[in-house]
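In the numbering used here, the protein residues as written are 6 to 158. First comes the structure, then the notes that go with it.
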């Protein structure tokens with residue numbers, strides 16, 4: 006079974022629904038070769054995105070780096086708290102959602118996406134907030150570095 010890691014920036018809302026600014030999707034394991042897609046919102050649009058992906062011919066260039074990032078993410082996120090109840094508050098304060106689907110492990114923070122925000126009964130420490138942000142940044146950096154091939158719409 007494959008593992009998917011999705012990081013989306015621009016997920017909190019209010020009176021207006023959220024508009025994701027960018028997302029990185031990492032797929033690895035399973036029978037398909039690893040891949041990274043980067044979706045970046047076009048300036049001046051509400052729902053149009055430029056999509057780039059890894060070049061299948063360049064897999065060797067990022068496989069070791071991907072394995073390292075994924076191992077760190079899986080180990081770290083087993084220790085990070087989630088908001089309670091689900092979707093009540095952006096407890097990490099980053100306007101970012103991270104979703105991990107892996108054999109035997111699922112994790113997803115869901116920041117509030119509407120007007121009815123309420124405080125979470127669970128709060129991360131400042132160190133956990135910094136770690137969450139550091140990992141999100143490292144995943145976007147990996148996607149920016151390796152997802153260079155345009156994908157046709």
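For every residue, glycine included, the Cβ atom is placed at its ideal position computed from N, Cα and C.
Looking at C-alpha atoms only, which residue of the options is the closest neighbour of residue i?
i, options, result
"residue 146", "53, 71, 32 and 63", "71"
"residue 154", "55, 51 and 46", "55"
"residue 80", "7, 107 and 47", "107"
"residue 127", "88, 16, 112 and 98", "88"
"residue 125", "28, 64 and 94", "94"
"residue 53", "136, 131, 84 and 28", "28"
"residue 91", "118, 109 and 133", "118"
"residue 136", "8, 15 and 77", "77"
"residue 156", "8, 74, 45 and 64", "45"
"residue 99", "36, 122, 73 and 114", "114"
"residue 230", "103, 9 and 8", "Nothing in the structure corresponds to residue 230, since the chain is present only between 6 and 158."
"residue 112", "57, 21 and 86", "86"
"residue 152", "14, 37 and 62", "62"
Let's see if you can read the secondary structure: which residues bound the alpha helix (DSSP H) around residue i?
i, result
"residue 145", "131 to 151"
Since residue i is in the beta strand (DSSP E), which residue starts that stretch and which ends it?
i, result
"residue 113", "110 to 113"
"residue 11", "8 to 14"
Am I right that residue i and residue j are in contact with their C-beta atoms under 8 Å? What's the rounded C-beta distance?
i, j, result
"residue 17", "residue 23", "6 Å"
"residue 31", "residue 144", "7 Å"
"residue 34", "residue 8", "5 Å"
Pairs of beta-carbons, one from the region 40 to 48 and one from the region 127 to 140, closer than 8 Å: are there three or more?
no
Suppose only complete runs of 4+ residues qualify. What are the alpha helix (DSSP H) ranges in the region 20 to 104, listed by chain order?
64 to 82
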